[in-house]
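Numbering (UniProt numbering), first residue to last: 1 to 362.
Encoded as structure tokens, the structure appears first; notes follow it.
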Ligand SMILES: [Zn+2]
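See the structure below:
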């Protein structure tokens, strides 16, 4: 923990009075709550000041001026942290938000979901300093880019050389009015609508993004994906094939299975797969799929991207895919471990025991 953390009690946390001396913080609708007693006006004032902008040292000073002992402040904060109600921001998190009241209001809505779980803070800053490239301004890629930007990713660049077709329009992405415009411009406008200050510029030629998202249906046979693998740049597939949204594998080059591993497993299952795949890849197809499937896919991908950028844990789609589709859109996890013939991971273990899929939550 930093020397003086900046505790944040998300403003949506209910603070309810049970009687004159007892406050309940959180705990509505089955969540963990904390009852604070005695809880006079000084305690209520302290709770209101937990906005992530004041250090614990400053909070102690204000509370002492209100007549509350410093030890009471420390104990109350410890209780709120133990209940998962308060999250600590680092000073660098506070500096990482765009200036201005509107940007501040947007960040206030995003921060509580971004910061839990890392005691020293810094997750928000990591997200703000990240650069993501989305390959494909289509019905998955553009809403995904908008979601990432709105979630605080500092730089989001969408690459596409095509022209917007009527079928590209989707909630959160290209609009009906974008038909005929360059897709890259339509995508940039969609991202700006979601987050006006996000940096949309392409990265300098000598700079690698933190992550690339490949949104065309058969990225594994795309030479572009091989280039990212060689460069050591993490990349993630997020696409819709027929009516199924596919998110993953999340490739950490040299560490996890790659897109060719998944192809090799498919070839093991069906020796004619390479011939079929070549025909699938030869068509310059973009994701079809219903609005719900495309947005489910984009959101599922966004969760994977943010887990990686924030450092909040290994994305679920490392060595795996999550698949969603109608009618229920319940995610299905399929395992794609490193293939023994690929050699992309230095020490490939196992190989013949691939789990051919199970429902998440089994
Ligand atoms: Zn591989």
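Glycine included, C-beta positions come from ideal geometry on N, C-alpha and C.
Beta-carbon spacing of residue i, residue j below 8 Å
i           : j           : result
residue 225 : residue 336 : no
residue 96  : residue 128 : yes
residue 34  : residue 83  : yes
residue 44  : residue 23  : yes
residue 254 : residue 133 : no
residue 300 : residue 240 : no
residue 325 : residue 293 : yes
residue 163 : residue 141 : no
residue 21  : residue 37  : yes
residue 213 : residue 144 : yes
residue 73  : residue 59  : yes
residue 233 : residue 249 : no
residue 306 : residue 184 : no
residue 62  : residue 6   : no
residue 130 : residue 115 : no
residue 295 : residue 172 : yes
residue 311 : residue 126 : yes
residue 81  : residue 4   : no
residue 297 : residue 227 : no
Cβ-based burial, residue i [other Cβ within 10 Å; buried from 16]
i           : result
residue 76  : buried
residue 304 : buried
residue 341 : exposed
residue 284 : exposed
residue 272 : exposed
residue 216 : buried
residue 242 : exposed
residue 16  : exposed
residue 366 : Because the chain in this structure spans residues 1 to 362, residue 366 falls outside the shown range and cannot be described.
residue 48  : exposed
residue 269 : exposed
residue 29  : exposed
residue 309 : buried
residue 343 : exposed
residue 100 : exposed
residue 155 : buried
residue 315 : buried
residue 278 : exposed
residue 211 : buried
residue 13  : buried
Strand pairing of residue i, partner residues [DSSP]
i           : result
residue 323 : 246 and 332
residue 211 : 132
residue 235 : 212 and 251
residue 182 : 163
residue 43  : In the DSSP output, where bridge partners are listed per residue, residue 43 has none listed.
residue 35  : 24
residue 8   : 51 and 87
residue 157 : 133
residue 241 : 244
residue 127 : Residue 127 is not bridged to any residue.
residue 199 : 155
residue 380 : The chain is shown from 1 up to 362; residue 380 falls before or after that span and cannot be answered.
residue 19  : 22
Residues near residue i by beta carbon distance below 6 Å, same chain, minus five either side
i           : result
residue 67  : 42
residue 186 : 164, 174 and 178
residue 18  : 24
residue 276 : none
residue 251 : 235 and 258
residue 263 : 220
residue 188 : 200
Contact set for residue i: own chain, Cβ-Cβ below 8 Å, skip 5 residues either direction
i           : result
residue 51  : 8, 9 and 11
residue 193 : 146
residue 166 : 176 and 179
residue 384 : Nothing can be reported for residue 384, as the shown portion of the chain is limited to 1 through 362.
Neighbourhood of residue i by C-beta, 7 Å cutoff - its chain only, sequence neighbours within 5 removed
i           : result
residue 122 : 90, 92 and 93
residue 177 : none
residue 197 : 98 and 103
residue 202 : 157
residue 289 : 139, 240, 243 and 245
Next on the checklist: So within the segment 63-121, which uninterrupted alpha helix (DSSP H) runs reach at least 4 residues, ignoring any that extend past its ends?
Outcome noted: 70-82, 91-95 and 101-114
Next on the checklist: Which runs of the alpha helix (DSSP H) at least 4 residues long sit entirely within the segment 250-309? Give them in chain order.
Outcome noted: 259-269 and 273-282
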